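A.B. asks:
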Ligand code: CA
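In our numbering, the protein residues as written are 1 to 236.
Printed below as a string of structure tokens:
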């Protein structure tokens, strides 16, 4: 990785020892790290400046990590903010909820700071790879989407989609494995001044699944939140 501006990481953790240790290791590795001691504080800090990545403890006073994650995913500005969740072994069922609600990865306590830093770097690498593809076409198993030519093919056969269906699928394919809320999808595809409801998104997802059957399993519905495209495409 070439050294540009150091990446900003916000650690949300109410246990000061852990927070300081993680901060120290991140700074040793060239990151700029700061700490928020509660979910409320984190949301305030993020409002005044969005970090490049969030390390988010699950168990926090007042509002917990899951709620913080949910709120961030629901706001267009932070819908794609990379999040690594810190959890304890006994909270494994919550961990699954956290991942469903849009955390990108999680680390179980007790953890070694080095292992956490490795996960941070791996997540940045993963996101940079997706960034590189921004202007080219996207593939998902046998499905190929070419934004420039506005064309979708499955095993080489063209599929005809409406503009909105295309936009919705394009948005999902640009962010595989990431939970996108209905509001975020609505804003991205229909625009902020659209008067429809989030039900519109559901209807279009259903149509996409009808036209492209392989999307039936691939577009995963996240209860009360939105959708994500599986990060494991079917074999071509
Ligand atoms: Ca905690």
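Glycine is no exception: its CB is placed at the ideal position from the N, C-alpha and C atoms.
Quick caveat, the model's predicted, so the values are computed rather than measured.
Grouping DSSP H, G and I as helix and E and B as strand, with all else coil, what is residue 84?
C.D. replies: The residue you call residue 84 lines up with position 84 of the chain shown. Strand at residue 84.
A.B. asks: Can you tell me whether residue 17 is buried or exposed? The criterion is at least 16 other CB atoms within 10 Å of its CB, across all chains shown.
C.D. replies: Position 17 of the chain shown holds residue 17. Label assigned to residue 17: exposed.
A.B. asks: With hydrogens ignored, establish whether the beta-carbon of residue 85 is closer than 7 Å to any heavy atom of ligand 1.
C.D. replies: Reading the chain shown from its first residue, position 85 is the one you call residue 85. Residue 85 Cβ: outside cutoff for every heavy atom of ligand 1.
A.B. asks: Give me the Cα-Cα distance between residue 1 and residue 126, rounded to the nearest whole angstrom.
C.D. replies: Position 1 of the chain shown, counted from the first residue, corresponds to residue 1. Position 126 of the chain shown, counted from the first residue, corresponds to residue 126. Confidence is the limiting factor: at residue 1 the pLDDT is only 49, short of 50, which leaves the residue's position unreliable and the question unanswerable from this model.
A.B. asks: On the three-state DSSP scale, how would you describe residue 138?
C.D. replies: Working through the chain shown from its first residue, we reach residue 138 at position 138. Note: residue 138 maps to strand in three-state DSSP.
A.B. asks: Would you check if the distance between the CB atom of residue 29 and the CB atom of residue 117 is smaller than 8 Å?
C.D. replies: Taking the first residue of the chain shown as position 1, residue 29 is located at position 29. Taking the first residue of the chain shown as position 1, residue 117 is located at position 117. Cβ atoms of residue 29 and residue 117: closer than 8 Å.
A.B. asks: Per DSSP, which one or two residues make a beta bridge with residue 30?
C.D. replies: Here residue 30 corresponds to residue number 30 of the chain shown, with the count starting at 1. According to DSSP, residue 30 bridges with nothing at all.
A.B. asks: Please state whether DSSP places residue 108 in a helix, a strand or coil.
C.D. replies: The residue given as residue 108 occupies position 108 in the chain shown. For residue 108, the three-state secondary structure derived from DSSP is strand.
A.B. asks: When you compare each of 148, 177, 198 to residue 187 by their alpha carbons, which one comes out closest?
C.D. replies: In the chain shown, residue 187 corresponds to position 187, counting from 1. Closest by alpha carbon: 198.
A.B. asks: Measure the CB-CB distance between residue 167 and residue 189 and report whether it falls below 8 Å.
C.D. replies: For the purposes of this step, residue 167 is identified with residue 167 of the chain shown, where counting begins at 1. For the purposes of this step, residue 189 is identified with residue 189 of the chain shown, where counting begins at 1. Between residue 167 and residue 189, the gap from beta carbon to beta carbon is short of 8 Å.
A.B. asks: If you follow the beta strand (DSSP E) that residue 222 is in, where does it begin and where does it stop?
C.D. replies: Position 222 of the chain shown, counted from the start, is the residue given in the question as residue 222. For residue 222, the uninterrupted beta strand (DSSP E) run begins and ends at 219–222, by DSSP.
A.B. asks: How far does the alpha helix (DSSP H) with residue 63 in it reach, from first residue to last?
C.D. replies: Counting from 1 along the chain shown, the entry for residue 63 is found at position 63. Run containing residue 63: none; DSSP gives neither H nor E here.
A.B. asks: So which residues put a beta carbon under 5 Å from any heavy atom of ligand 1, going in chain order?
C.D. replies: 14, 57, 59
A.B. asks: Quick one: what's got a C-beta closer than 7 Å to residue 183's C-beta in the same chain, skipping five residues either side?
C.D. replies: Here the question's residue 183 lines up with position 183 in the chain shown. Same-chain partners within the cutoff: 74, 198.
A.B. asks: Does the pairing of the region 52–67 with the region 193–210 give three or more beta-carbon distances under 8 Å?
C.D. replies: Output reads no: the region 193–210 does not touch the region 52–67.
A.B. asks: When you compare only the Cα positions, how much space is there between residue 12 and residue 5?
C.D. replies: Here residue 12 refers to the residue found at position 12 of the chain shown. Here residue 5 refers to the residue found at position 5 of the chain shown. CA-to-CA, the gap between residue 12 and residue 5 works out to about 22 Å.
A.B. asks: Look at the alpha carbon of residue 129 and the alpha carbon of residue 59, and state the distance between them as a whole number of angstroms.
C.D. replies: Numbered from its first residue, the chain shown carries residue 129 at position 129. Numbered from its first residue, the chain shown carries residue 59 at position 59. One C-alpha to the other measures close to 31 Å.
A.B. asks: Note down, in chain order, each residue of its chain lying with its Cβ closer than 6 Å to the Cβ of residue 104, except the 5 sequence neighbours on either side.
C.D. replies: Stepping through the chain shown from its first residue, residue 104 is reached at position 104. 82, 83, 123.
A.B. asks: Along the chain, where does the alpha helix (DSSP H) containing residue 211 start, and where does it finish?
C.D. replies: As a working mapping, residue 211 is identified with position 211 in the chain shown. Counting along the chain, the unbroken alpha helix (DSSP H) around residue 211 starts and ends at 199–211.
A.B. asks: By the three-class DSSP mapping on this structure, what secondary structure does residue 183 have?
C.D. replies: On the chain shown, residue 183 is found 183 positions in, with the first residue counted as 1. Helix, per DSSP.
A.B. asks: Secondary structure at residue 146, three-state DSSP: helix, strand or coil?
C.D. replies: For the purposes of this step, residue 146 is identified with residue 146 of the chain shown, where counting begins at 1. Strand at residue 146.
A.B. asks: Look at the alpha carbon of residue 229 and the alpha carbon of residue 10, and state the distance between them as a whole number of angstroms.
C.D. replies: Start at 1 with the first residue of the chain shown, and residue 229 comes out as number 229. Start at 1 with the first residue of the chain shown, and residue 10 comes out as number 10. Using only the alpha carbons, I get a separation of about 27 Å.
A.B. asks: Kindly indicate the opening and closing residues of the alpha helix (DSSP H) around residue 46.
C.D. replies: Looking up residue 46 in the chain shown gives position 46. If you look at residue 46, you'll find it in the alpha helix (DSSP H) that goes 39–48.
A.B. asks: Mind checking residue 23: buried by the 16 CB within 10 Å criterion, or exposed?
C.D. replies: Indexing the chain shown from 1 puts residue 23 at position 23. Classification for residue 23: buried.
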